[in-house]
Amino acid sequence: MLEITDLVTEFDSVKALNGITFQAKPGLITTVIGANGAGKSTLLRTISGLERPTTGSIKWFDQELTHKSVEAIVRSGIAQVPEGHAVISQLSVAENIELGGLFRRRIARGDLAIATREVYELFPILYERRNEPAGSLSGGERQMLAISRALVSRPKLLLLDEPSLGLAPLISAQIINIVNQLCRSTGLTVLLVEQNANTALAVADHGILLSLGKVVADLPAKIMIADSSLRAAYLGY
Amino acid sequence: MNSFLTALFSGTAQGAIYALVSLGLVLVWRGAGIVNFAQMGQAMFTTYIASQLIQHNYSYWSAFVIALVSGAVLGALVDLGLMRPLTSRKNSQLLNSQSMRTTIPVIASLGILGVLKALAGILWAGEERGFPSPVAPNAIKIGSTNLAITGFDLFVIGVVFLTLVLTTIFFTKTGMGLAMRASALNPEVTRLSGIKVGSVRTLGWAISGTASSLAGLLVTPRTNLSPNTLDLLLIIGFTAAVVGGLSSLAGSVLGGFILGYVISFVNVYSAPENVFIAILAFLLLALFIRPQGILGSKEVRNV
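Top line first, the protein sequences correspond to chains H and P.
When you line the first sequence up against the numbering used here, it's residues 1 to 237, in that order.
When you line the second sequence up against the numbering used here, it's residues 1 to 303, in that order.
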């Protein structure tokens, strides 16, 4: 279980996160939605250690993550897929995937080979293009690659930052579906940040609505998707 | 014909050394975004260490290896002891501006250069001394004809070639090499992959220190050793790095060899005093034709 308590993250004394508290249950998809500037990305970046919180705590089961380094957080089983299909364009597809498992190549070489095969089975197009530079991939393929890089680290918690950003609706639906299947079949816990509330809520179990750095609604996804007044007030549609 | 061959061979041998210096500069630049002006100071210092050892009856090869290891240690120390604390200071007014964040480490590297030169002066009286070479510096003979290449040239070319092959294997075939390339290209994604980018960067400083230490060992048999001998090498190496495209390892090596040929052909066909003008003209020309360097890539900014 991911437990976020009273989390505050500031940029030059502007509170991007202003006392966030919620929980994400294991094996389920929790989606964080909200308008631009609500603090969604900052929330994920704070969980993964890229931003330091001013106060508050982040716990993954018994582990306190709040002041750990980015690398230590990844090594404890929490992988982030950053915004903007973050792959390293100059490296090949295969190298990008290898990078994700590099830190455990000494302790789990055998499993690394299995994990790599699994992501290639999940995204066969990446296997076909494994020797090409990641920069030559389409937006959707880059997103698949970014997810694969995270998956070979065998995460227990996957943090996804706007995976559908800039993708055609069909492609983004495909990617969200694969994440959904992964969660259901492997028990992976997913924290999905999305601007596209409908797509996200359609697959999620639970929804967290952020506005100006605060949680304004914390509801089961089914209820949130039906609440048109909530959407009108905070998302504008 | 003979003077052409002389220029060609001596250009290759000199270029090999410039390639090492340039490679060292680019390794640190890519990893840390710092032009390390102390690099040849570090090389000068480790060459003095080797020279001391040889004077105390160590064999050339043990001194050679110890100098390379001290090059690595010195490089790592510069990063751990100075650069890392300097760039990681939080809440410093001065470091908040991007231009100061990139300028301060460069100034600091000049400081290190000064300290190393002063130390060499204190420890070894700053005397100019010779440095031995493991092979005779005579021209190689086939029958009674002198070839335009010396045994020492061959030695330099061989050692540098071996180094470049090992470096290439390291960067393209090993996990640590992949981690180093990834850290240089995109530190954030690399950290999110669980790699300790800070340690990888320190390793970059260490490899750079080793490469420049090797350059020091290979160039001083020709130039003699004093606290200031290697300054010129830094300028040429830096020019080579810029010509090759500061961010490309292969480009830095290529730039080194090209510069070696430029210098040696000017030396042979023109006059030694024109070498500096030639370097400057070549740099300007190269920057004019290809501002991003031979193998450098244009910076793409996503908006």
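Built from N, CA and C at the ideal position, the CB exists for glycine as well.
Please tell me whether residue i and residue j are closer than 9 Å, where the distance is taken between their beta carbons.
{"i": "Ser10(P)", "j": "Asn267(P)", "result": "yes"}
{"i": "Asp6(H)", "j": "Gly49(H)", "result": "no"}
{"i": "Ile207(P)", "j": "Ala72(P)", "result": "yes"}
{"i": "Leu246(P)", "j": "Ala43(P)", "result": "no"}
{"i": "Ile263(P)", "j": "Ile279(P)", "result": "yes"}
{"i": "Leu154(P)", "j": "Ile140(P)", "result": "yes"}
{"i": "Ile47(H)", "j": "Gln195(H)", "result": "no"}
{"i": "Thr220(P)", "j": "Thr47(P)", "result": "yes"}
{"i": "Ala115(H)", "j": "Val152(H)", "result": "yes"}
{"i": "Gln90(H)", "j": "Gly135(H)", "result": "yes"}
{"i": "Ile178(H)", "j": "Leu167(H)", "result": "no"}
{"i": "Pro163(H)", "j": "Ile147(H)", "result": "yes"}
{"i": "Leu249(P)", "j": "Leu74(P)", "result": "no"}
{"i": "Ala306(P)", "j": "Tyr261(P)", "result": "The structure shown does not extend to residue 306(P), since chain P spans only 1 to 303, so no value can be given for it."}
{"i": "Phe103(H)", "j": "Val74(H)", "result": "yes"}
Please identify the residue among the options whose C-alpha is closest to the C-alpha of residue i.
{"i": "Ile104(P)", "options": "Ile66(P), Gly33(P), Thr46(P), Val189(P)", "result": "Gly33(P)"}
{"i": "Thr163(P)", "options": "Ala215(P), Ile263(P), Leu203(P)", "result": "Ala215(P)"}
{"i": "Leu86(P)", "options": "Ser109(P), Ile49(P), Leu284(P)", "result": "Ser109(P)"}
{"i": "Gly158(P)", "options": "Thr6(P), Leu20(P), Ala271(P), Ala7(P)", "result": "Leu20(P)"}
{"i": "Asn18(H)", "options": "Ala233(H), Leu210(H), Pro220(H), Ala217(H)", "result": "Leu210(H)"}
{"i": "Ser228(H)", "options": "Val215(H), Lys214(H), Leu201(H)", "result": "Leu201(H)"}
{"i": "Gly121(P)", "options": "Asn228(P), Leu234(P), Leu77(P), Thr150(P)", "result": "Asn228(P)"}
{"i": "His206(H)", "options": "Gly27(H), Leu219(H), Glu3(H), Arg142(H)", "result": "Leu219(H)"}
{"i": "Gln315(P)", "options": "Trp205(P), Ile289(P), Val275(P), Leu287(P)", "result": "The question about residue 315(P) has no answer, for chain P in this structure spans 1 to 303."}
{"i": "Lys59(H)", "options": "Glu83(H), Phe123(H), Phe22(H), Gly110(H)", "result": "Phe22(H)"}
{"i": "Lys15(H)", "options": "Arg45(H), Asp161(H), Pro53(H)", "result": "Pro53(H)"}
{"i": "Val115(P)", "options": "Val69(P), Arg222(P), Ser248(P), Phe45(P)", "result": "Phe45(P)"}
{"i": "Glu132(H)", "options": "Asp111(H), Ile4(H), Asn96(H), Ala150(H)", "result": "Asn96(H)"}
{"i": "Arg184(H)", "options": "Gly236(H), Ala204(H), Leu212(H)", "result": "Ala204(H)"}
Could one say the Cβ of residue i lies closer than 9 Å to chain P's Cβ atoms, at least one of them?
{"i": "Leu188(H)", "result": "no"}
{"i": "Glu95(H)", "result": "yes"}
{"i": "Glu51(H)", "result": "no"}
{"i": "Glu141(H)", "result": "no"}
{"i": "Gly100(H)", "result": "yes"}
{"i": "Ala168(H)", "result": "no"}
{"i": "Ser136(H)", "result": "no"}
{"i": "Phe123(H)", "result": "no"}
{"i": "Arg129(H)", "result": "no"}
{"i": "Ser48(H)", "result": "yes"}
{"i": "Ser13(H)", "result": "no"}
{"i": "Pro163(H)", "result": "no"}
{"i": "Phe103(H)", "result": "yes"}
{"i": "Ile107(H)", "result": "no"}
{"i": "Ala113(H)", "result": "no"}
Under the DSSP definition of a beta bridge, which residues are partnered with residue i?
{"i": "Gln63(H)", "result": "Trp60(H)"}
{"i": "Pro220(H)", "result": "His206(H)"}
{"i": "Pro133(H)", "result": "Ser92(H)"}
{"i": "Ser51(P)", "result": "Partner(s): none; Ser51(P) has no beta bridge."}
{"i": "Glu98(H)", "result": "According to DSSP, Glu98(H) bridges with nothing at all."}
List the whole-angstrom C-beta distance separating residue i from residue j, where the pair is believed to meet the contact cut-off of C-beta under 8 Å.
{"i": "Leu113(P)", "j": "Phe170(P)", "result": "So it is not a contact: roughly 27 Å between Cβ atoms."}
{"i": "Gly139(H)", "j": "His85(H)", "result": "6 Å"}
{"i": "Thr30(H)", "j": "Ile208(H)", "result": "6 Å"}
{"i": "Ala79(H)", "j": "Leu165(H)", "result": "About 18 Å separates the two Cβ atoms, so there is no contact after all."}
{"i": "Ala72(H)", "j": "Thr189(H)", "result": "Ala72(H) to Thr189(H), Cβ: 18 Å. No contact."}
{"i": "Val243(P)", "j": "Leu232(P)", "result": "So it is not a contact: roughly 17 Å between Cβ atoms."}
{"i": "Thr202(P)", "j": "Leu80(P)", "result": "6 Å"}
{"i": "Ser183(P)", "j": "Thr190(P)", "result": "5 Å"}
{"i": "Ile20(H)", "j": "Leu43(H)", "result": "6 Å"}
{"i": "Phe131(P)", "j": "Asn224(P)", "result": "7 Å"}
{"i": "Leu218(P)", "j": "Val156(P)", "result": "5 Å"}
{"i": "Val93(H)", "j": "Leu145(H)", "result": "6 Å"}
{"i": "Gly256(P)", "j": "Ala240(P)", "result": "4 Å"}
{"i": "Arg105(H)", "j": "Gly111(P)", "result": "Rounded, the Cβ-Cβ distance is 39 Å, inconsistent with contact."}
Using a beta-carbon distance below 9 Å, is residue i in contact with chain H?
{"i": "Ile169(P)", "result": "no"}
{"i": "Lys196(P)", "result": "yes"}
{"i": "Ser193(P)", "result": "yes"}
{"i": "Leu295(P)", "result": "no"}
{"i": "Arg301(P)", "result": "Since pLDDT at Arg301(P) reaches only 48, below the 50 mark, its modelled position is unreliable, and no value is offered."}
{"i": "Arg181(P)", "result": "yes"}
{"i": "Gly31(P)", "result": "no"}
{"i": "Thr190(P)", "result": "yes"}
{"i": "Leu185(P)", "result": "yes"}
{"i": "Leu249(P)", "result": "no"}
{"i": "Leu178(P)", "result": "yes"}
{"i": "Gly204(P)", "result": "no"}
{"i": "Gly245(P)", "result": "no"}
{"i": "Gln292(P)", "result": "no"}
{"i": "Phe175(P)", "result": "Reading off the sequence shown, one finds Gly at residue 175(P), where the question assumed Phe. At least one chain H Cβ lies under 9 Å of Gly175(P)."}
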